[in-house]
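One gets my numbering by counting positions in the sequence shown from 1 and adding 220 to each. Glycine included, C-beta positions come from ideal geometry on N, C-alpha and C.
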Amino acid sequence: MNVPNTLTVLRIILVPIIIIFLIQGQYLSALLLFVIAGITDGLDGFFARVLKQKSVLGSYLDPLADKTLISSSFIALAVMGGIPAWLTVIVISRDFIILLGISVLALLSIPFEVKPTMVSKITTAFQLLAIFLVLLLSAFHFQVNGTWITAVFWITALLTIVSGMGYLIRGIRYINSESSRA
């Protein structure tokens with residue numbers, strides 16, 4: 221176990237603690253742990269590059285940690301009324317469709333590369349921003365509504381849809397490319 225993978229595992233361990241704090245209405249504690257999780261996300265990539273400790277395990281754990289943090293936070297905050305349910309459905313559906321696509325490609329023994337696109341990176345950043353803003357506003361007892369937060373929600377939704385469509389198109393290309401070889 222190297223430094224980047226240890227940080228990634230720490231992020232995974234923080235997820236249930238963040239959700240417990242949310243359930244208990246301890247938004248400031250949830251916010252602080254969410255920020256720590258975000259910092260570990262940046263640090264694991266940094267250390268993987270600087271220490272030349274990129275690993276196959278890390279390439280699977282890192283996106284798993286991100287998806288676990290984002291999905292769990294969206295679901296908890298939607299149930300609690302902080303994030304619109306429609307946005308949560310879009311975020312979770314995209315991730316489900318991506319996992320389904322990966323499963324289909326693997327079952328068909330079609331070689332593929334799971335490499336995030338620039339749109340998917342921006343999408344993840346906006347998803348994290350939406351969670352952060354809701355936690356921040358909730359921690360300091362501000363209403364989670366208004367034009368600017370609604371704009372963040374809609375931009376997040378649009379980016380999530382565009383990113384999901386990009387992955388869907390890429391998956392279809394992998395299948396078509398493999399079919400033309402057969």
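{"Check": "Span separating the alpha-carbon of Pro236 from that of Ile330", "Outcome": "35 Å"}
{"Check": "Residue nearest to Leu230 in terms of C-alpha spacing, selected from Val255, Gly245, Ile243, Gln246", "Outcome": "Val255"}
{"Check": "Beta carbon of Ser275 nearer than 8 Å to that of Asn225", "Outcome": "yes"}
{"Check": "Completely contained alpha helix (DSSP H) runs for the region 232-307, where each covers 4 or more residues", "Outcome": "247-270, 276-299"}
{"Check": "Val382 and Val339 closer than 8 Å at C-beta", "Outcome": "yes"}
{"Check": "Simplified DSSP state of Pro224, which is helix, strand or coil", "Outcome": "helix"}
{"Check": "Helix, strand or coil at Asn365 [DSSP, three-state]", "Outcome": "coil"}
{"Check": "Counted within 10 angstroms of its Cβ, other Cβ atoms place Arg401 as buried (16 or more) or exposed", "Outcome": "exposed"}
{"Check": "Check whether Leu356 and Ile369 have beta carbons under 8 Å apart", "Outcome": "no"}
{"Check": "Contacts around Phe267, its chain only, beta-carbon distance under 6 Å, and the 5 residues preceding and following it disregarded", "Outcome": "Val223, Pro224"}
{"Check": "Alpha carbon of Phe332 to alpha carbon of Phe362, nearest angstrom", "Outcome": "45 Å"}
{"Check": "Whole-Å CB distance - Leu388 paired with Ile342, under 8 Å assumed", "Outcome": "Wrong, their Cβ atoms sit about 17 Å apart, outside the cutoff."}
{"Check": "Range covered by the alpha helix (DSSP H) that runs through Leu348", "Outcome": "338-359"}
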